[in-house]
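Trainee:
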Amino acid sequence: MAGVDARVAPGAIVGVIGPNGSGKSTLLKAIAGVLRPHSGEIMLGGAPIRQEATRIAFVPQREEVNWDFPVTARDVVMMGRYRALGWLRWPGKADRERADAALERLGLGGLGHRHISQFSGGQQQRIFLARALVQEPRLVLLDEPFTGIDVHNRAIVHELIRAFADDGVTVLVATHDLDEVRATTTHVLCLNRDMVAFGPTPTTFTPANLRATFGGQMAMFEQVPIFERAP
Amino acid sequence: MSWLTEPLQYGFMQRAMMEVVIIGALCGLVGCFVVLRGLAFIGDALAHAVFPGVVLSYIAGQSIMIGAFVFGGMTALGIGILSRSRRVSEDSAIGVVFAAFFALGVVILSRQGGFNRDLGSLLFGNILGVSMNDVWITAVIGVVVAGILLALLKEFTLLAFDPTMARAAGYPVFALDVLLLLLVSATIVVSLQTVGNILILALIVTPPATARLLTDRLGRMMVASVLIAASCGVMGLYFSYHAGTAAGATIVLTATAVFLLAVVFAPTHGLLGGYLQRRRGHHHAHHFHAAGEEVELS
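Taken in sequence, the protein lines are chains A and B.
Once you know that position 143 of the first sequence is 145 in the working numbering, the rest is easy, because the numbers rise by one and skip nothing.
Once you know that position 32 of the second sequence is 38 in the working numbering, the rest is easy, because the numbers rise by one and skip nothing.
#1: Going by DSSP in three states, M7/B sits in which element: helix, strand or coil?
#2: Over the uninterrupted alpha helix (DSSP H) stretch that includes G84/B, give me the two end residues.
#3: Counting only beta-carbon atoms, is P62/A nearer than 8 Å to chain B?
#4: By DSSP, does A272/B sit in helix, in strand, or in coil?
#5: Would you mind listing the alpha helix (DSSP H) stretches within the stretch 17 to 45 of chain B that are 4+ residues and don't spill past its ends, in chain order?
#6: So what does DSSP say about G47/A, is it helix, strand or coil?
#7: Any contact of the stretch 55 to 65 of chain A with the stretch 101 to 120 of chain A, i.e. 3+ C-beta pairs under 8 Å?
#8: Of all the options K31/A, I19/A, I15/A and G23/A, which has the alpha carbon lying nearest to the alpha carbon of A172/B?
#9: Within 10 angstroms of the Cβ of E2/A, are there 16 or more other Cβ atoms? Answer buried if so, exposed if not.
#10: Can you check DSSP and say which residues form a bridge with V175/A?
#11: Would R9/A be called buried (16 or more neighbouring beta carbons within 10 Å of its own) or exposed?
#12: Which of the three DSSP states is assigned to F207/A in this structure?
#13: Of all the residues that make up the stretch 79 to 96 of chain A, which are near chain B by a beta-carbon distance shorter than 7 Å?
#14: Decide if Y177/B is buried, meaning its Cβ has at least 16 other Cβ atoms within 10 Å, or exposed.
#15: Report the three-state DSSP secondary structure of M197/A (helix, strand or coil).
#16: Give a yes or no on contact between the stretch 120 to 137 of chain A and the stretch 72 to 79 of chain A, applying the rule of three or more CB pairs nearer than 8 Å.
#17: So, helix, strand or coil for I118/A, using DSSP?
#18: If you draw a straight line from the alpha carbon of P50/A to that of I118/A, how long is it in whole angstroms?
#19: Between L188/B, I210/B and Y244/B, which lies nearest to M228/B when the distance is taken from Cα to Cα?
#20: Taking DSSP as the reference, what is the three-state secondary structure of T215/A?
#21: State yes or no: is the C-beta of G30/B within less than 8 Å of the C-beta of A215/B?
#22: Less than 8 Å between C-beta atoms, sequence neighbours within five positions excluded: which residues of the same chain meet that for Q118/B?
#23: For T212/B, go through chain A and note every residue whose CB falls closer than 9 Å to its CB, in chain order.
#24: Can you tell which of L62/B, R90/B, T262/B and Y244/B has the C-alpha that lies nearest to the C-alpha of L110/B?
#25: Work out the CA separation of G44/B and I85/B for me, nearest whole Å.
#26: Are the CB atoms of V270/B and L155/B nearer to each other than 8 Å?
#27: To which residues of the same chain is I214/A closer than 6 Å at the C-beta, ignoring the five residues directly before and after it?
#28: I'd like to know if the stretch 77 to 91 of chain A and the stretch 156 to 176 of chain A are in contact, where contact means that at least 3 CB-CB pairs between them fall below 8 Å.
#29: Taking DSSP as the reference, what is the three-state secondary structure of L62/B?
#30: Within this structure, are the beta carbons of I70/B and G254/B separated by less than 8 Å?
#31: Give a yes or no on whether the minimum CB-CB distance between G176/B and chain A is below 8 Å.
#32: Give a yes or no on whether the C-beta atoms belonging to F148/A and D179/A are separated by under 8 Å.
#33: Assign H54/B to buried or exposed, taking buried as 16 or more other Cβ atoms, counted over all protein chains shown, within 10 Å of its Cβ.
#34: Whose CA, out of I257/B, P58/B, G101/B and Q15/B, lies closest to the CA of L128/B?
#35: Take T221/B and list the residues in its own chain whose beta-carbon comes closer than 7 Å to its own, dropping the five residues that flank it on each side.
#36: Give me the chain A residues within the contact set of L42/B, using Cβ-Cβ distance strictly less than 8 Å, ordered along the chain.
If you want it as structure tokens, here you go:
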């Protein structure tokens with residue numbers, strides 16, 4: 003993967019799109035510090051990103067989470083506070099209240115004591131968003147947050163992404179879901195091994211760029227008129 | 007009553023009881039992270055790889071812990087580095103190395119006289135032969151290992167649950183990984199005298215696996231695992247005394263029996279509990295839908 007050169011202002015919502023194997027996850031993992039780039043730099047707020055690591059929140063794909071792990075929803079949310087707490091300090095009452103408030107905000111109030119396997123897919127996604135929330139991040143990385151969740155949960159995820167952006171938090175969303183990209187993001191980064199295009203969503207999310215990104219793998223149905231049957 | 011008190015009139019049984027409680031508690035605690043991180047195979051590798059160290063210090067007439075610590079530390083570091091490079095298939099590399107180390111230990115030992123008797127006590131432990139000195143060393147190391155693990159409980163938990171977030175948030179993941187392996191290694195080394203190289207893994211994996219069936223909370227799992235391991239150690243020792251069986255193996259079988267009981271009878275995760283819950287689940291399903299809640303009954 004090469005040629006990724008992108009710069010956004012704080013508060014941008016960047017959709018990272020591309021076919022399977024195009025490097026969406028690789029890019030996210032490089033930004034998260036799991037993979038090291040062979041060359042080039044990743045900066046956050048003018049400093050090398052690793053110096054700002056404590057303020058990076060990562061929301062994993064649901065398939066990558068071990069749902070059998072013995073933790074409750076509140077335990078998971080509390081993990082977002084660990085870095086701010088520092089070594090050898092334990093979460094106190096204030097942190098617990100904060101975790102509960104975050105769960106409440108995501109519509110999971112009063113369910114913090116439940117084991118993480120006892121939630122639906124959309125709710126599980128929301129637990130991790132609550133964790134990102136209490137971390138007070140500057141950058142949020144979301145890996146396929148819309149996969150396998152219903153309309154109701156989508157709306158909640160949307161609302162939170164926008165709330166992050168309104169607070170000046172930069173959000174990066176790797177997704178397959180092009181409708182979501184059109185609806186939510188301010189910028190799009192198209193990947194197909196190399197960077198195909200990058201820019202503001204209105205000018206970059208174009209049929210030509212999408213064709214260049216996905217090649218023959220997609221059919222375009224632009225502006226298909228939909229007629230509702232009269233009642 | 008005399009069933010319980012009779013063995014305790016012997017000094018060697020008193021020492022063995024103390025040793026087994028300390029080691030059980032330690033294995034139960036550290037084992038939780040071995041189970042949650044999926045390190046059972048690596049734990050087994052560590053236990054085998056320390057064998058040459060055990061043999062060398064035995065031949066030199068030293069406490070077997072010294073050599074075991076040296077080899078255990080080296081192996082922990084080696085596995086840590088190995089798992090960092092993605093070029094070698096980790097599993098096979100570890101498999102090759104630990105089998106070789108183990109064979110090396112056996113070869114060194116076979117050069118000595120009295121091979122079979124020594125091999126037996128080194129491979130399967132000799133808890134009835136522990137000195138008061140051994141008990142003290144075990145207690146001190148146990149406190150240090152447990153202290154470090156509990157002090158870094160937040161970090162080890164995060165690393166076990168979500169390594170990607172741990173990295174993204176800038177934790178020194180490699181150092182923490184090696185530290186955990188060193189703690190596992192130290193636990194294995196001090197436990198060698200109890201059950202020996204071959205069976206040590208059972209003492210580290212079985213109690214936490216049992217505890218996991220009983221609870222969904224990490225804190226409770228750790229407490230339960232410690233209690234289960236220590237009490238299985240004590241019970242096993244009694245059984246072995248009265249039945250005249252090998253102590254280490256009897257302790258392991260006791261832990262296995264408790265595990266099997268949990269598999270069947272554990273409240274929600276047990277076979278019986280799961281069956282009952284599924285039956286009840288049919289009735290509750292309507293209720294949850296009616297309340298507008300999306301809950302998948304597990």
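Where is the CB? At the ideal position from N, CA and C, for every residue including glycine.
Mentor: Put simply:
#1: coil
#2: I70 to L88
#3: yes
#4: coil
#5: 17 to 42
#6: coil
#7: no
#8: K31/A
#9: Any property of residue 2/A remains undetermined from this structure, which presents chain A solely from 3 to 233.
#10: G17/A and L144/A
#11: exposed
#12: coil
#13: M81, Y84, R85 and L90
#14: buried
#15: strand
#16: yes
#17: helix
#18: 34 Å
#19: I210/B
#20: helix
#21: no
#22: I65 and D124
#23: Within chain A, no residue comes near T212/B; the closest Cβ sits about 17 Å away, beyond 9 Å.
#24: L62/B
#25: 14 Å
#26: no
#27: A quick correction: the sequence has Ala, not Ile, at residue 214/A. Excluding sequence neighbours, A214/A sits near V198.
#28: no
#29: helix
#30: no
#31: yes
#32: yes
#33: buried
#34: P58/B
#35: M227 and A230
#36: F71 and P72
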